[in-house]
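Heads up: the structure comes next, in structure tokens.
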Amino acid sequence: MEIVKTEKLTFEYIRRDENDNVEGITTAVDNVSLSVKPGEFIAILGHNGSGKSTLAKTINAILHPTEGTVWVDGMDTMDESNLWNIRNTAGMVFQNPDNQIIGQVVEEDVGFGPENMGVPSEEIWKRVEESLKMVGMYDYRKASPNRLSGGQKQRVSIAGVLAMRPKCIVLDEPTAMLDPIGRREVINAVHELNIKEGITVILITHYMDEIVNADRVFVMDSGHIEMEGTPREIFSRVDELKELRLSVPQVTEVAYELRKKGLSLPFGILTIDELVESLNKCR
Amino acid sequence: MSIIVNHVSYSYNPGTSMETKALKDINLVINDGEFIGLIGHTGSGKSTLVQHLNGLVKPTEGEIYYNGQDIFNSDLTRKELRSKVGLVFQYPEHQLFEADVFSDVCFGPKNLGLSSKETELRAYAALKAVGIEDEYFYQSPFDLSGGQKRRVAIAGVLAMEPEVLVLDEPTAGLDPKGRDEILEMLSDIQKEKNCTIVLVSHSMEDVADYADRIIVMNKGEVAYNDTPSEVFKHYKELEKIGLSAPEVTRALYQLRKEGFDVNTDIINVQEAVETIGKCFGI
């Protein structure tokens, strides 16, 4: 069974004036059908305002579909009685770590989720330890979150979600506010979880270099899914991506342009090493 | 006409057990009309440094001169200084507050004591410079997209017609196209108004194409201060301090190592394609 499945999902933001009259309707997600298998690493790309965050929020049942259906591990998100099970199955990590950390001490913060679920305290401590180890933050368990770097805070947020033992994690631009080191820490931690723990990952981002290792990529534009494929397939469509206000890694673009000039380079070169290797073969 | 940073050190919480040295003996000259990229990873002191430039923070040691006047010890008033050196903070859109876009941009010049006509003229010019069309002028700034909000916030500082425009990570959180648009806009403004721009970023790709000079900060000190291609020669050292040269530049260095006759001073995709193409006679 799919861990996340949407069918003809549409979501509309309705703006109202003071008298509750409808002023305007914005369709943020428009007729999206997709399915994610357990253990997959999915990346969702799109420029600001393309609907990717709205889509994420419907998976976590923060938003409910205007039309269509979302199932999380077989549970319909419209069914109120599924709410807590859905949130325990698909955990969510947001952009700004400062908005999601509440504890005064790292380990307390990570324990907050399972505590709310009524997990016995011995079990909570076990989960806190495991979760912090998974993201490489165990050494900081007694630290105060406000003394951590952005990347460290974001990893604590992820541990907080992990402690609820979700099958799936949805990350909404988790690195947008981080510097290059922090970004790498977070992305590496997320890949580890996917590979070692088999947790399904849905990563929303507009940094191209972060999706190079994803299993599948969806590209969104004005609420639609415009492209779907492996990173290599997606990155071989440089011109289309540019039209969608996205960019590709610089080496990918260099290879693409050289190919256009007649060099026989393969499609979708993603790293410096690949570029150097293929150019060597051309000599 | 320039900014001189002379032996400036700054400590947070001096004299306490929490004392942190954010800046250590910084010496810099920022000339008129330059486009400077100020780069460093989180905690390197770059934001602390730019807050000195318009007198928001007072150095623990050393002096800052604006056009030859010590900014803390001369006739130059703080108000005058801030009208000359405009600082755009990180996420400036969080500072929007007025009911409509136009009033928000008027706030700065109005506070300079300008007539309402002059204020409105400046607000109009500033909004045009950042590419906000008339149809948005009387909308609430909160109904705009993220990129538009940021432009309006930048217009608010531009309307004060500063001689030096300092921007702290103006592209953070924007999508690639939005980022390019903001950088392109800044470059145009600089050419048109001939003002000085100091752009703070942690991304080399951001500044490589636009900056005349790059200043790299590390642990409160200036690590490099040179033209982009000179700074990127130290791509290995940059990596150690949590930064990296643009991907194309690193690729070209690796190709050079493999025996390709490519020019490694290149910092953008177009020129990289040309220099690699030459190796293959295309």
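Protein chains in written order, with our numbering: chain A, 1 to 283; chain B, 1001 to 1282. We treat Cβ as the ideally placed atom computed from N, Cα and C, and that holds for glycine. As the structure is a prediction and not an experimental result, all values here were calculated from the model.
Nearest residue (CA-CA) to residue 74 of chain A, options A/3, A/18, A/207 and A/21 | The closest CA to that of residue 74 of chain A, considering only A/3, A/18, A/207 and A/21, is found on A/3.
From B/1048, B/1158 and B/1182, pick the residue whose C-alpha is nearest to that of residue 1124 of chain B; which is it?
-> Taking only the C-alpha atoms, the option nearest residue 1124 of chain B is B/1158.
Listing by chain order, which chain B residues have their CB less than 8 Å from the CB of residue 176 of chain A?
-> Going along chain B in sequence order, the residues near residue 176 of chain A (Cβ under 8 Å) are 1172 and 1173.
Cβ-based burial, residue 1044 of chain B [other Cβ within 10 Å; buried from 16] | Using a 10 angstroms sphere on the CB of residue 1044 of chain B, the tally of other CB atoms reaches 16 or more, which defines it as buried.
Give the range of the beta strand (DSSP E) segment to which residue 1163 of chain B is assigned.
-> From DSSP, residue 1163 of chain B is part of no beta strand (DSSP E); its letter is neither H nor E.
Out of A/260, A/25, A/120 and A/119, which has the shortest C-alpha to C-alpha gap to residue 239 of chain A?
-> For the residues A/260, A/25, A/120 and A/119, the minimum Cα distance to residue 239 of chain A belongs to A/260.
Beta-bridge partners of residue 1091 of chain B, as assigned by DSSP = DSSP output for residue 1091 of chain B lists no bridge partner at all.
State buried or exposed for residue 122 of chain A, treating a residue as buried only when at least 16 other CB atoms are found within 10 Å of its CB.
-> Result: exposed.
Whole angstroms is fine: what's the gap from residue 1106 of chain B's alpha carbon to residue 1210 of chain B's?
-> Between the C-alpha atoms of residue 1106 of chain B and residue 1210 of chain B there is a straight-line separation of about 29 Å.
With 16 as the cutoff for other CB atoms within 10 Å, does residue 1202 of chain B come out buried or exposed?
-> Its Cβ being crowded by 16 or more others within 10 Å, residue 1202 of chain B is buried.
Quick one, are the C-beta atoms of residue 1185 of chain B and residue 1108 of chain B less than 8 Å apart?
-> No, the pair does not count as a contact, with Cβ atoms beyond the cut-off.
Mind listing the chain A neighbours of residue 1145 of chain B? Cutoff is C-beta to C-beta under 9 Å, in chain order.
-> Per Cβ cutoff of 9 Å: 48 and 49.
What's the call for residue 168 of chain A, buried or exposed, on a 16-neighbour Cβ count within 10 Å?
-> Here residue 168 of chain A is buried: its Cβ has 16 or more other Cβ atoms, across all protein chains shown, within 10 Å.
Contact set between the region 1238–1249 of chain B and chain A, restricted to residues whose Cβ is under 8 Å from the partner = Residues passing the 8 Å Cβ filter: 1242, 1243, 1244, 1246, 1247 and 1248.
On a CA-only basis, which of A/255, A/172, A/213 and A/136 is nearest residue 54 of chain A? Give me that one, please.
-> Minimum Cα distance to residue 54 of chain A is reached at A/172.
In three-state DSSP terms, what is residue 191 of chain A?
-> Here residue 191 of chain A sits in helix by DSSP.
Does the distance from the CB of residue 232 of chain A to the CB of residue 198 of chain A come in under 8 Å?
-> Cβ atoms of residue 232 of chain A and residue 198 of chain A: not closer than 8 Å.
Can you tell me the Cβ-Cβ gap for residue 254 of chain A and residue 1276 of chain B, rounded? I've got them flagged as a contact below 8 Å.
-> Residue 254 of chain A to residue 1276 of chain B, Cβ: 7 Å. Contact.
Contacts of residue 1276 of chain B in chain A (Cβ-Cβ under 8 Å) | Near residue 1276 of chain B (Cβ distances below 8 Å), the residues of chain A are 254, 258 and 279.
Tell me residue 12 of chain A's beta-bridge partners as DSSP assigns them.
-> Its beta-bridge partners are A/27.
Endpoints, the beta strand (DSSP E) within which residue 1214 of chain B is located | Per DSSP, the continuous beta strand (DSSP E) segment holding residue 1214 of chain B begins and ends at 1213–1218.
Less than 8 Å between the CB atoms is what I'm expecting for residue 1042 of chain B and residue 1011 of chain B, so what's the real figure, rounded?
-> Under the criterion of beta carbons closer than 8 Å, residue 1042 of chain B and residue 1011 of chain B do not qualify as touching, at roughly 18 Å.
Are the C-beta of residue 206 of chain A and some C-beta of chain B separated by less than 8 Å?
-> Interface residue, yes.
Terminal residues of the continuous alpha helix (DSSP H) containing residue 1052 of chain B?
-> For residue 1052 of chain B, the enclosing alpha helix (DSSP H) starts and ends at 1046–1053.
May I ask you to report which of helix, strand or coil DSSP gives residue 22 of chain A?
-> Reduced to three states, the DSSP call for residue 22 of chain A is strand.
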